[in-house]
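Enquirer: Position 64 of the sequence shown, counted from 1, bears residue number 339 in the numbering used here, the numbering being contiguous throughout.
Quick one: the structure is below, questions incoming.
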Amino acid sequence: QVQLVESGGGLVQAGGSLRLSCAASGSIGSIYVMGWYRQAPGKQRELVAQITSSGSTNYADSVKDRFTISRDNTKNTVYLQMNSLKPEDTAAYYCNLLRPGVLPIWGQGTQVTVSS
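Next up, the structure:
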């Protein structure tokens with residue numbers, strides 16, 4: 276069973292940067308989509324960014340040009356570099372793994388708090 280472990284969250288001032296990491300234990304296969312989602316209190320979980328096994332990326336409009344998703348295949352790890360953070364980026368951030376024919380896997384989440 277693959278598990279996802281996030282790290283890198285914390286408290287940062289507006290305009291600052293953070294880098295989140297999501298490490299997958301075990302083999303995740305050759306066809307997959309890994310992504311970051313976030314959920315603020317009282318709001319629905321929303322997609323932030325995704326990266327496919329072929330390297331294609333997708334971003335929510337609210338984070339384009341500020342966030343960058345990347346991966347290190349040798350470490351089974353996906354990163355989310357977050358720059359120019361805003362208070363509205365405050366949320367719990369979750370890593371997600373999608374694979375054909377397999378139930379989605381979620382990490383435990385990491386909190387990001389941006390102070391104004």
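Cβ coordinates follow ideal geometry from the N, Cα and C atoms, glycine included.
Please read all numbers here as calculations on a predicted model, not as lab measurements.
1. Looking at the structure shown, is T343 part of a helix, part of a strand, or coil, going by DSSP?
2. Can you list, in chain order, the residues of its chain with a C-beta nearer than 6 Å to that of D364? Leave out the 5 residues immediately preceding and following it.
3. With a Cβ-Cβ cutoff of 8 Å, do R374 and G304 count as a contact?
4. Going along the chain, which residues of its own chain have a beta-carbon closer than 8 Å to the beta-carbon of V387, five neighbours each way excluded?
5. If you run the structure through DSSP and keep just helix, strand and coil, what is N348?
6. Using DSSP's beta-bridge definition, name the partner residues of T332.
7. Compute the beta-carbon to beta-carbon distance between A324 and L355, rounded to the nearest angstrom, for a pair I have assumed lies under 8 Å.
8. What three-state label does DSSP hand P362 in the structure shown?
9. Decide if T385 is buried, meaning its Cβ has at least 16 other Cβ atoms within 10 Å, or exposed.
10. Of all the CB atoms in chain B, is at least one closer than 8 Å to the CB of R374?
11. How long is the line joining the alpha carbons of G376 and V308, rounded to whole angstroms?
12. Please name the residue in V277, R341, R346 whose C-alpha comes closest to that of G301.
Expert: This is what the structure holds:
1. In the three-state DSSP reduction, T343 falls in the strand class (E or B).
2. V389
3. yes
4. Its chain contains G284, G285, V287, L293, L295, R313, M357, L360, D364, T365, A366, A367, Y368 as the residues whose beta carbon lies nearer than 8 Å to that of V387, once the 5 sequence neighbours on both sides are disregarded; these appear in chain order.
5. helix
6. Residue pairing by DSSP places T332 opposite I326 in a beta bridge.
7. 6 Å
8. helix
9. buried
10. Judged by its chain identifiers, the structure shown contains no chain B, having just a single protein chain.
11. 13 Å
12. Per the Cα distances, V277.
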